[in-house]
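A.B. asks: Sharing a structure here in structure tokens format.
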Ligand SMILES: [Fe+2]
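In this note's numbering, the protein residues as written are 299 to 686.
Next comes the structure, spelled out in structure tokens:
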């Protein structure tokens, strides 16, 4: 069945004016004013009072759960489909975190395939916080070559007490393997890098650019908004051509301790002259949000949510005065380009039919379409996960 979205105010993410979108076979077939199709051939969604934007891409989600940093009882649950639907997230990239032992690549791939069956588009990174990387095949290159869902490595932890304290050489080898595997497979071959609060910050990434032939396109450092010092480093790194990712799941205590809200971080980066195409947001959904005391003892632990992703973009528009088309890029066109997801992140004929309809008054997510299938209509989820 075709789906015809009528009279939407299109942000592709750039403003496209009033258009109809004809969706079929999981793709956007046509996008132009006044498409006429006999009603018996298509379902019609009247969008005259809505903005149509690309489905959101969340490039860092612990889809099978994560955490465990306070013992077994603190292992976090996997991603419920409903969270993605309510958050307008139609594409997720799954990762493993601190725990690459009770969680592994087989489980991560199985969860990614399950979410795909339930309607999302899913990808994964190979490995987890620690090095040497635990891949599914004998090497990262082979994971990239032979497992469709693998698009890179990560999240490899640096400058953090939870990292494996990798040497510069060990980390560089992972970026090199990602580069080679990416070239051979036609994928991004990118390393998603978790940055902690440690004083070494982005040191290894800068050294890779200064001392090797590898380029900034192979590294996607995340949590760059976690403290003012790392954020300032991030500005310089991005102005030098790197990508920077901010994490939208947060705690009040993190913000008190100096974490910069994503909306403010975006405005400050833009004011500093960073290329808007180099900035992204991810949620760290289902990851644990541990609250450590000054002596490194765990005080409390809660769970990140993919539903935090778009509210950070909305906040950037409503509170920081950033244009919607600029703010949208950080969860649509930018991650699609950085991750080489060629059919994602934009509204145009030939692209995947991932569409979110926003209420223009309050920018609330009202309808969600993933690969041409309506998952939410007028604020109500039309489906749910198998065991929800
Ligand atoms: Fe992380």
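Where a beta carbon is used, it is the ideal one built from N, C-alpha and C, also for glycine.
Taking buried to mean at least 16 other C-beta atoms within 10 Å of its own C-beta, is residue 490 buried or exposed?
C.D. replies: Along the chain shown, one-based indexing puts residue 490 at 192. Classification of residue 490: buried, given that the 10 Å Cβ count is 16 or more.
A.B. asks: Using 8 angstroms for Cβ pairs, my map puts residue 503 next to residue 535. What's the rounded Cβ distance?
C.D. replies: As a working note, residue 503 is residue 205 in the chain shown. As a working note, residue 535 is residue 237 in the chain shown. Yes, residue 503 and residue 535 are in contact; Cβ-Cβ is about 7 angstroms, under 8 angstroms.
A.B. asks: As a quick exercise: from 338, 350 and 426, pick the residue whose alpha carbon is nearest that of residue 361.
C.D. replies: Here residue 361 refers to the residue found at position 63 when the chain shown is read from its first residue. Among 338, 350 and 426, the Cα nearest to that of residue 361 is on 426.
A.B. asks: Hey, out of 343, 440 and 459, whose CA is closest to residue 593's CA?
C.D. replies: For this step, residue 593 is matched to residue 295 along the chain shown. Per the Cα distances, 459.
A.B. asks: Could you check how far apart the C-beta atoms of residue 350 and residue 655 are, in whole angstroms? I think they sit under 8 angstroms.
C.D. replies: As a working mapping, residue 350 is identified with position 52 in the chain shown. As a working mapping, residue 655 is identified with position 357 in the chain shown. Confirmed, Cβ separation roughly 6 angstroms.
A.B. asks: May I ask you to list the residues that DSSP assigns as paired with residue 456?
C.D. replies: Start at 1 with the first residue of the chain shown, and residue 456 comes out as number 158. Paired residue(s): 493.
A.B. asks: Closest to residue 433 by CA distance: which of 601, 407, 657 and 420 is it?
C.D. replies: Numbered from 1 along the chain shown, position 135 holds the residue referred to as residue 433. Among 601, 407, 657 and 420, the Cα nearest to that of residue 433 belongs to 407.
A.B. asks: Give the single residue among 614, 388, 574 and 608 whose Cα lies nearest to the Cα of residue 561.
C.D. replies: Residue 561 sits at position 263 when you count from the first residue of the chain shown. The option with the nearest alpha carbon to residue 561 is 614.
A.B. asks: Skipping 5 residues on each side, what residues in its chain have a beta carbon closer than 8 angstroms to that of residue 485?
C.D. replies: Locating residue 485 in the chain shown gives position 187, counting from the first residue. Result list for residue 485: 442, 448, 449, 450, 479 and 638, in chain order.
A.B. asks: Would you say the beta carbon of residue 548 is closer than 8 angstroms to some non-hydrogen atom of ligand 1?
C.D. replies: Taking the first residue of the chain shown as 1, we reach residue 548 at position 250. Every heavy atom of ligand 1 is 8 angstroms or more from the Cβ of residue 548, so no.
A.B. asks: Return the Cβ separation of residue 629 and residue 579 in integer angstroms, given the expectation that the two are a contact with Cβ distance under 8 angstroms.
C.D. replies: On the chain shown, residue 629 is found 331 positions in, with the first residue counted as 1. On the chain shown, residue 579 is found 281 positions in, with the first residue counted as 1. Contact flag correct, Cβ pair sits at about 5 angstroms.
A.B. asks: Shorter than 8 angstroms, the distance from the beta carbon of residue 395 to the closest heavy atom of ligand 1, or not?
C.D. replies: Along the chain shown, read from residue 1 onward, the residue named residue 395 stands at position 97. Yes; taking the cut-off as 8 angstroms, the Cβ of residue 395 has a heavy atom of ligand 1 nearer than that.
A.B. asks: Following a CB-centred definition, is residue 521 positioned closer than 8 angstroms to any heavy atom of ligand 2?
C.D. replies: This structure simply doesn't include ligand 2; it includes ligand 1 instead.
A.B. asks: Beta carbon of residue 626, beta carbon of residue 309: below 9 angstroms?
C.D. replies: Sequence index remark: in the chain shown, residue 626 carries index 328 (1-based). Sequence index remark: in the chain shown, residue 309 carries index 11 (1-based). Yes, the pair counts as a contact, with Cβ atoms nearer than the cut-off.
A.B. asks: Rounded to whole angstroms, what is the Cα-Cα separation between residue 653 and residue 465?
C.D. replies: For the purposes of this step, residue 653 is taken as residue 355 along the chain shown, with counting starting at 1. For the purposes of this step, residue 465 is taken as residue 167 along the chain shown, with counting starting at 1. Their Cα atoms are separated by approximately 43 angstroms.
A.B. asks: For residue 382, collect the residues of the same chain with a Cβ closer than 7 angstroms to its Cβ; drop the 5 residues on either side in sequence, then sort them by chain order.
C.D. replies: In the chain shown, residue 382 corresponds to position 84, counting from 1. Contacts found: 390, 418 and 604.
A.B. asks: Hey, would you say the C-beta of residue 585 is under 8 angstroms away from at least one heavy atom of ligand 1?
C.D. replies: Residue 585 sits at position 287 when you count from the first residue of the chain shown. At least one heavy atom of ligand 1 is nearer than 8 angstroms to the Cβ of residue 585, so yes.
A.B. asks: Mapping the DSSP letters down to three states, classify residue 329 as helix, strand or coil.
C.D. replies: Position 31 of the chain shown, counted from the first residue, corresponds to residue 329. Of the three classes helix, strand and coil, the one that applies to residue 329 here is strand, per DSSP.
A.B. asks: Let me know the secondary structure DSSP gives residue 305 once reduced to three states.
C.D. replies: Numbered from 1 along the chain shown, position 7 holds the residue referred to as residue 305. Strand, per DSSP.
A.B. asks: Measuring CB to CB, does residue 476 end up less than 9 angstroms from residue 494?
C.D. replies: As a first step, residue 476 is located in the chain shown; it is residue number 178 there, counting from the start. As a first step, residue 494 is located in the chain shown; it is residue number 196 there, counting from the start. Taking 9 angstroms as the Cβ cut-off, residue 476 and residue 494 do not qualify as a contacting pair.
A.B. asks: Taking 8 angstroms as the cut-off, is the CB of residue 495 close to at least one heavy atom of ligand 1?
C.D. replies: Position 197 of the chain shown, counted from the start, is the residue given in the question as residue 495. Residue 495: no, Cβ never under 8 angstroms from ligand 1.
A.B. asks: If you drop the 5 nearest sequence neighbours on each side, which residues of the same chain put their C-beta closer than 8 angstroms to that of residue 526?
C.D. replies: The residue you call residue 526 lines up with position 228 of the chain shown. Excluding positions up to five away in sequence, the list reads 556 and 558.
A.B. asks: Under 8 angstroms: does the beta carbon of residue 459 sit that close to some heavy atom of ligand 1?
C.D. replies: Position 161 of the chain shown holds residue 459. Flag unset: Cβ of residue 459 not near ligand 1.
A.B. asks: Residues in the same chain with beta-carbon distance under 8 angstroms from residue 644, minus the five sequence neighbours each way, listed in chain order, please.
C.D. replies: For this step, residue 644 is matched to residue 346 along the chain shown. Cβ within range, chain order: 310, 311, 352, 630, 631 and 634.
A.B. asks: Please list, in chain order, all residues of the same chain as residue 599 whose beta carbon is under 6 angstroms from its beta carbon, the five residues on each side excluded.
C.D. replies: As a working note, residue 599 is residue 301 in the chain shown. If we look at residue 599 and ignore the five residues flanking it on each side, its Cβ neighbours are 368, 372, 586 and 588.
A.B. asks: Going by C-alpha to C-alpha distance, which of 657, 409, 355 and 336 sits closest to residue 641?
C.D. replies: The residue you call residue 641 lines up with position 343 of the chain shown. Checking every option, the nearest Cα to that of residue 641 belongs to 355.
A.B. asks: Taking the CB atoms as reference points, tell me whether residue 387 and residue 403 lie closer together than 9 angstroms.
C.D. replies: Stepping through the chain shown from its first residue, residue 387 is reached at position 89. Stepping through the chain shown from its first residue, residue 403 is reached at position 105. Cβ distance not < 9 angstroms, so residue 387 and residue 403 don't count as in contact.
A.B. asks: Should residue 550 go down as buried or exposed, given a rule of 16 or more other Cβ atoms within 10 Å for buried?
C.D. replies: Here residue 550 is taken as the residue at index 252 of the chain shown, counted from 1. So residue 550 ends up on the exposed side.
A.B. asks: Where residue 462 and residue 429 are concerned, what is the direct C-alpha to C-alpha distance, given to the nearest angstrom?
C.D. replies: The residue labelled residue 462 in the question sits at position 164 within the chain shown. The residue labelled residue 429 in the question sits at position 131 within the chain shown. One C-alpha to the other measures close to 6 angstroms.
A.B. asks: Could you tell me which residues DSSP pairs with residue 316 in its beta bridges?
C.D. replies: Position 18 of the chain shown, counting from 1, holds the residue named residue 316. Its beta-bridge partners are 307.
A.B. asks: Just mark residue 684 as buried or exposed, buried being the case when its beta carbon has 16 or more other beta carbons within 10 Å.
C.D. replies: Here residue 684 is taken as the residue at index 386 of the chain shown, counted from 1. With fewer than 16 Cβ atoms within 10 Å of its Cβ, residue 684 is classed as exposed.
A.B. asks: Helix or strand or just coil, what does DSSP make of residue 680?
C.D. replies: To locate residue 680, count along the chain shown from 1; it is residue 382. Residue 680: coil per DSSP, three-state reduction.
A.B. asks: Applying the criterion that 16 or more other CB atoms from any shown protein chain within 10 Å of the CB defines a buried residue, is residue 553 buried or exposed?
C.D. replies: In the chain shown, counting from the first residue as 1, residue 553 sits at position 255. Residue 553 should be labelled exposed.
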